[in-house]
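Protein chains in written order, with the numbering used here: chain A, 1 to 141; chain B, 1001 to 1186.
Where is the CB? At the ideal position from N, CA and C, for every residue including glycine.
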């Protein structure tokens, strides 16, 4: 009964470095999640080139009948995106918060190798807390 | 273009976690000492400090971007200002000033009057070639590389060598366009 179905983090070259799904809806196996990640990376890149607006930074929100996909790309090129229930609010805030968690618990971990899959327990713990529904509501204020 | 983010790092500085300045200064001193013992050559130590800084910079830049709320900089001038005013304040607790721009705006000096790294340091005669704070130049180079700017960062003035301030020269070598490594059919 989670509003968020899944969370992805893609490194600047398009590799999936983090994937987590929440709740039963939209669950995928590893291959599918890798496929979604690389598809999104390319679509995001193409959208930048196709966009009529100058300096477009790529798709931020994809709305479908059964899900919304919110994407945030940092200036360094790492992409964070969540797949969630249609109409879920405050996802931009959550993504920015996840970016902060990533800088704190992933990048500052001296044993984390840049651009490699994320296996950091502290990140997992803090992420779980952040994704809990009340937290999301809190971030939106 | 989006409006620039904060012009000063005071707000962020008061919200980030801090450590005791002496612990920081002494830890850095211990690192430099150890490198001198291990590598023996002053030149090698300079190189190693720069590399360590680079490795810090490529990670630190994301934290800076995540927590400082600065938006994309319009040009290199703005970038330099943001580093000196917001970045230095956020991570070192001091602000620096940007001066000595060259004509085409690709080379400038970041000048620090106050530098917490050198609080108790006196360079002995045996280490005259040492750039004690070389880690800082590495940090800047690494951080800028992650936002697609290739730079060259060198020390011009160093208080430990008797100058009146610390001066870092930051030179923009090239701006790597943010595009994907494929070519359009032409």
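| Asked | Found |
| --- | --- |
| Please state if the CB of residue 125 of chain A and the CB of residue 78 of chain A are separated by a distance shorter than 8 Å. | no |
| I need the straight-line Cα distance from residue 1119 of chain B to residue 112 of chain A, nearest angstrom please. | 32 Å |
| Going by C-alpha distance, which of B:1017, B:1016, B:1174, B:1046 is nearest residue 1104 of chain B? | B:1174 |
| For residue 8 of chain A, which residues does DSSP report across the bridge? | A:19, A:81 |
| So, helix, strand or coil for residue 1076 of chain B, using DSSP? | helix |
| Listing by chain order, which chain A residues have their CB less than 7 Å from the CB of residue 1067 of chain B? | 100 |
| Give me the DSSP bridge partner(s) of residue 68 of chain A. | A:63, A:84 |
| Opposite residue 96 of chain A in the DSSP bridges: which residues? | None; residue 96 of chain A has no bridge partner. |
| Can you tell me whether DSSP reads residue 1094 of chain B as helix, strand or coil? | coil |
| With a cut-off of 8 Å, does the C-beta of residue 1152 of chain B fall near any C-beta of chain A? | no |
| What is the DSSP secondary structure of residue 1155 of chain B, counted as helix, strand or coil? | strand |
| Residues of chain A with CB closer than 7 Å to the CB of residue 1147 of chain B, please, in chain order. | 75, 76 |
| What is the rounded straight-line gap between the Cα of residue 1139 of chain B and the Cα of residue 1095 of chain B? | 16 Å |
| Does the segment 1066 to 1078 of chain B come close enough to the segment 94 to 102 of chain A that 3 or more CB-CB pairs lie under 8 Å? | yes |
| Checking contacts by CB at 8 Å: is residue 108 of chain A closer than that to chain B? | yes |
| Quick check on this structure: which residue in B:1025, B:1049, B:1026, B:1024 has the alpha carbon closest to the alpha carbon of residue 1036 of chain B? | B:1049 |
| What whole-angstrom Cβ distance do residue 1028 of chain B and residue 1142 of chain B have, given they're in contact under 8 Å? | 17 Å between Cβ atoms; not a contact. |
| So, is the C-beta of residue 1050 of chain B closer than 8 Å to a C-beta in chain A? | no |
| Tell me whether residue 1147 of chain B is buried or exposed, calling it buried when 16 or more other Cβ atoms sit within 10 Å of its Cβ. | buried |
| Have a look at residue 11 of chain A and residue 17 of chain A and give me their C-alpha separation to the nearest angstrom. | 6 Å |
| Under 8 Å, with one C-beta from each stretch per pair, do the segment 1010 to 1017 of chain B and the segment 1076 to 1092 of chain B reach the 3-pair mark? | yes |
| For residue 1002 of chain B, does the count of other Cβ atoms within 10 angstroms reach 16, so buried, or fall short, so exposed? | The predicted position of residue 1002 of chain B is uncertain, since its pLDDT is 43 and thus under 50; a value taken from the coordinates is nonetheless stated next. By the 10 Å Cβ count, residue 1002 of chain B comes out exposed. |
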